[in-house]
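Listed in order, the protein sequences are those of chains E and L.
1 is the number of the first residue of the first sequence in this note's numbering; add one for each residue after it.
1001 is the number of the first residue of the second sequence in this note's numbering; add one for each residue after it.
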Amino acid sequence: MKYVDEFRDSEKAGFLVREIEALVSTMTLPPGRPIYIMEVCGGHTHSIFRYGLEGMLPKEIELIHGPGCPVCVLPMGRVDDCVSIAENPGVIFATFGDAMRVPGSKKSLLQAKADGADVRMVYSPMDALALARKNRDREVVFFGLGFETTMPSTALTVLQAEAEEITNFSVFCNHITIVPTIKAILDSPGLQLDGFLGPGHVSMVIGTAPYEFIAKFYRKPMVVAGFEPLDILQSIWMVLKQIKDGRSEVENQYARIVPDGGNAAALQAVSRVYELREFFEWRGLGSIDHSGVKLREKYAGYDAERKFAIPNLKIADPKSCQCGEVLKGVIKPWQCKVFGSACTPEMPLGSLMVSSEGACAAYYQYGGHKSYKEAV
Amino acid sequence: MNVAPFIHARKLGKVSVDKVTLAHGGGGKAMKDLIDDVFVAAFDNRSLAPLEDQARFSLAELAGHGDQLAFTTDSFVVDPLFFPGGDIGELAVCGTINDLAVGGAKPLYLSCAVIIEEGTSIELLRKIARSMAMTAHAAGVSICTGDTKVVQRGACDKLFITTTGIGVIRRGLALEVGSARPGDVVMVNGLLGDHGAAILCARGDMALDTTIESDCACLHDLIGALLEAAPEVRFMRDATRGGLATVLNEIAEASQVAIEIDERATPIREEVKAFCEILGLDPLYLANEGKIVVIAPPEQADAALSAMRAHPLGAGAAVVGRVNRGEPGRVTMRTVFGGRRIVDMLVGEQLPRIC
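As structure tokens, this is what we get:
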């Protein structure tokens, strides 16, 4: 078992699609609209497009591509801050690859690199720490980005730097947390959602308990889902089954990876290193209380926000940009005023057009200017 | 290794230091010694040794091969210079030979222009020149003119090579990118994505140990056999930067047809698949340096496939898809999972995803 091809079996897929169709045919649809299921995580969005899942589902089901792509929800002002740090002559700015193209108000990190800033692509925060070891005369700043999935590795890197007494390393912490964000989406007016596919890799760290409020107080089914196409189909079936049975529970489809209690060691590192911010600004969604973390006072020496004078300006999203409405599922990407015209993957206006996990880029790349179902 | 048994009329200069300095680009004796010692000694052929300002060839000899001249150029800036399965020298020769060969040309002559960063080791240059010479010799192509420049440290990354090639297309051949027709068969000559994956691994950024080697190879011989067996082949292109996906988009666009490939039929090595899984890359966009995409009319598809499979560089040849009457310019893929997705051009470089 390699845990890859087994979860991409087209025969099993056909079986699951038929099961989903059979289930849907016995259900009462919401009046005047299909069943809306939001996949919270960008990894799911990517798989859905990569394997053409939307085209396989009955038309009574529509997937809403949620806010779970850390690159996509990064506000312009934070990108400007990154550029400002990176343009310090003594700095090596280390970042994950797909954050490089996100537009700031003036430039992206890729453009800053072209203008002479020393921006390096890394695959792990530990690679950034290795850069710091090798370049003692430079300050290496790691762009800490991502949900609970990447939060522990940044925390462990800070602890490692402390243990080695490396002083030329710091983190520009933009880690964000998923639960307040799902809550903000659920609280937003005019929202029509019937259920959620929960983020598999975030849940591997935090477990499934933090989602209980969704089932209890908002009465929405949530199924924590894996990322292979069969995982996603099965999870959709599980959400539909809950709706049909009139249940709203948190179920775990991805039990082979996600322990219900999460990963205790990772959580311990996270709480040692970070504390919650009062609020954090999200692209398209505005400010959400307690949705971001920063380094604790004890690790001030590793905090780029304290080491550098950061402009920290709030830059409003471009007016024409409708990223927020797309993120909340109010409109589909191609219904945005600038989709495919002023906003394309070559010249992204909104960050949903940047990462392959962003709903807009995925539609643009895999679906052209029309709805995916029309296009293929 | 002495690649061409040609006795020089003059004595070749020798370099006595072990690193290139700006003096080697100065146009004086140091430069002449470098060119002699590194390049003339390795390339060693009748056109080059007299060091005229240009190579000369007889028109009558060229005309003996066909009625159209093919002319192409390519620059090579690969990092690292040596990688599993090849090096920049081999790549520079294969790349330009392949660009000639996919047009149906018999490759004949290459130029070699190098830009060297000061401080580069002479031994490294010798090694790369030898690799170029061996590759060209094996392909029956002569490197017959060149240029050498040395730039200050930091002005280039160790070594850049530009090769320009001349070949002759035999009478009656007209391979054109705009000639694909609905019903045509899309083929490749083997496993895709090896070169791109090998280079990414060789850079060492990912700390992944793999056994993946570049597929860098000269394809003129395979292409010759293919055109012999299936002379009606419409078009072929080597799937270098941007990989299979990019070439298919170019063909679909130029021919105003749709193309659908089958993910299951697309040959990709298990290691490359795993590598892409880990990094969030799509193997359809990974570079190849020894793979061609062939568009053949249905009645010659079998002949084309058998001819490729009979050649060592085409043993893994496979039909990967078909041209159809769908939306002009659109490339789609039937996924392993039974869904369909659109395979578009990539905007920039593929960037690994965060999570």
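Idealized CB from N, CA, C, for every residue including glycine.
It should be emphasised that the depicted structure is a prediction, and the values quoted were computed from it without experimental measurement.
Contact under 9 Å by Cβ, Thr1145/L with Cys1112/L: Position 145 of the second sequence, counted from the first residue, corresponds to residue 1145/L. Position 112 of the second sequence, counted from the first residue, corresponds to residue 1112/L. For Thr1145/L and Cys1112/L, yes; Cβs fall inside 9 Å.
First through last residue of the alpha helix (DSSP H) which encompasses Asp1302/L: Against the second sequence, residue 1302/L aligns to sequence position 302. Here the alpha helix (DSSP H) through Asp1302/L covers Pro1298 to Arg1309.
Using a C-beta cutoff of 9 Å, does Asp5/E count as contacting chain L? Counted from its first residue, the first sequence places residue 5/E at position 5. It does; some Cβ of chain L falls within 9 Å.
Just to check my reading of the structure: Leu1175/L and Phe1235/L have Cβ atoms closer than 8 Å, yes? What is that Cβ distance to the nearest angstrom? Your numbering for residue 1175/L matches position 175 in the second sequence. Your numbering for residue 1235/L matches position 235 in the second sequence. Between Phe1235/L and Leu1175/L the Cβ distance is about 5 Å, and since that is below 8 Å, they are a contact.
Would you call the segment 56 to 71 of chain E and the segment 306 to 323 of chain E in contact, with 3 or more CB pairs under 8 Å? no
Under three-state DSSP, which class holds His1065/L? Taking the second sequence and counting its residues from 1, the one referred to as residue 1065/L is at position 65. Note: His1065/L maps to coil in three-state DSSP.
May I have the straight-line CA-CA distance separating Phe339/E from Cys360/E, to the nearest angstrom? By 1-based counting over the first sequence, the position of residue 339/E is 339. By 1-based counting over the first sequence, the position of residue 360/E is 360. Spanning the two alpha carbons is a distance of roughly 8 Å.
Starting from Val270/E, follow the alpha helix (DSSP H) in both directions and report where the run begins and ends. Looking up residue 270/E in the first sequence gives position 270. Looking at the DSSP string, the run of the alpha helix (DSSP H) that includes Val270/E is Ala264 to Val273.
Chain E contact residues for Thr1335/L, given Cβ-Cβ distances below 7 Å: If you number the second sequence from 1, residue 1335/L lands on position 335. The answer, in chain order, is Tyr51 and Gly52.
C-alpha gap between Pro1005/L and Glu1090/L, whole angstroms: Counting from 1 along the second sequence, the entry for residue 1005/L is found at position 5. Counting from 1 along the second sequence, the entry for residue 1090/L is found at position 90. Bear in mind that a pLDDT of 43 at Pro1005/L, under 50, signals an unreliable position, so the model cannot answer this.
If we cut at 9 Å on Cβ distances, does Leu1191/L have a partner in chain E? Here residue 1191/L corresponds to residue number 191 of the second sequence, with the count starting at 1. It does not: the Cβ of Leu1191/L has no partner Cβ on chain E nearer than 9 Å.
At the 9 Å Cβ level, is Ser371/E part of the contact set with chain L, yes or no? Numbered from 1 along the first sequence, position 371 holds the residue referred to as residue 371/E. Residue confidence is low: Ser371/E scores 45 on pLDDT, short of 50, so the model does not pin down where it sits. Its coordinate-derived value is still stated next. No, its Cβ sits nowhere closer than 9 Å to a Cβ of chain L.
Between Asp1087/L and chain E, is the shortest Cβ-Cβ distance under 9 Å, so that the two count as touching? Against the second sequence, residue 1087/L aligns to sequence position 87. Taking Cβ atoms only, chain E never reaches closer than 9 Å to Asp1087/L, which makes this a no.
Closest Cβ-Cβ distance between Leu1124/L and chain E: below 9 Å? In the second sequence, residue 1124/L corresponds to position 124, counting from 1. Not closer than 9 Å to any Cβ of chain E, the Cβ of Leu1124/L fails to qualify, so no.
Where does Asn88/E sit, in a helix, a strand or coil, going by DSSP? Within the first sequence, residue 88/E is the residue found at index 88, counting from 1. In this structure, Asn88/E counts as coil in the three-state DSSP scheme.
In this structure, does DSSP put His290/E in helix, strand or coil? As a position in the first sequence, residue 290/E is number 290, starting the count at 1. His290/E falls in the coil class under three-state DSSP.
Which whole-angstrom value describes the C-beta separation of Gly199/E and Thr154/E, a residue pair presumed to lie in contact below a C-beta threshold of 8 Å? For the purposes of this step, residue 199/E is taken as residue 199 along the first sequence, with counting starting at 1. For the purposes of this step, residue 154/E is taken as residue 154 along the first sequence, with counting starting at 1. The question names Gly, yet the displayed sequence has Pro at residue 199/E. Not quite, the Cβ-Cβ distance comes to about 18 Å (not below 8 Å), so this is no contact.
Looking at C-alpha atoms only, which residue of Gly1167/L, Glu1213/L, Leu1081/L and Arg1340/L is the closest neighbour of Thr1096/L? Position 96 of the second sequence, counted from the start, is the residue given in the question as residue 1096/L. Here the closest residue by C-alpha is Gly1167/L.
If contact means a Cβ-Cβ distance below 7 Å, which residues of the segment 1194 to 1205 of chain L contact chain E? Asp1205
Helix or strand or just coil, what does DSSP make of Glu1238/L? As a working note, residue 1238/L is residue 238 in the second sequence. Here residue 1238/L is Asp; the residue named in the question, Glu, does not match the sequence. In this structure, Asp1238/L counts as strand in the three-state DSSP scheme.
Sort out for me which residues DSSP pairs Thr28/E with in a bridge. In the first sequence, residue 28/E corresponds to position 28, counting from 1. According to DSSP, Thr28/E bridges with nothing at all.
Does chain E have any CB closer than 9 Å to the CB of Val1323/L? Position 323 of the second sequence, counted from the first residue, corresponds to residue 1323/L. With 9 Å as the cut-off, Val1323/L does not count as an interface residue toward chain E.
Within its chain, find whatever has a CB closer than 7 Å to the CB of Arg1010/L; leave out the 5 residues flanking it on each side and keep chain order. What you label residue 1010/L is simply residue 10 of the second sequence in a count that begins at 1. None.
Who are the neighbours of Val1347/L on chain E, taking C-beta pairs under 7 Å? Mapped onto the second sequence, residue 1347/L falls at position 347. In chain order: Pro345 and Glu346.
Would you call the segment 78 to 87 of chain E in contact with the segment 288 to 298 of chain E, where contact means no fewer than 3 C-beta pairs closer than 8 Å? no
Return no unless some Cβ of chain B is closer than 9 Å to the Cβ of Glu1118/L. The structure shown contains no chain B; the protein chains it does contain are E and L.
So is Pro229/E in contact with chain L if we call contact Cβ pairs under 9 Å? To locate residue 229/E, count along the first sequence from 1; it is residue 229. Yes, Pro229/E lies at the interface with chain L (some Cβ there is under 9 Å from its Cβ).
Tell me, please, whether the CB atom of Gly1243/L is closer than 9 Å to any CB atom in chain E? For the purposes of this step, residue 1243/L is identified with residue 243 of the second sequence, where counting begins at 1. So, not an interface residue.
Identify each residue in the segment 1268 to 1281 of chain L for which the Cβ-Cβ distance to at least one residue of chain E is less than 7 Å, and report them in chain order. Glu1277
Same chain only: Cβ atoms within 6 Å of Phe142/E, ignoring 5 sequence neighbours per side: On the first sequence, position 142 is the one that residue 142/E refers to. Contacts found: Ala94, Pro125, Ala128 and Val171.
Please confirm if Ala1252/L has its CB atom under 9 Å from at least one CB of chain E. Against the second sequence, residue 1252/L aligns to sequence position 252. Judged by the 9 Å Cβ criterion, Ala1252/L is not in contact with chain E.
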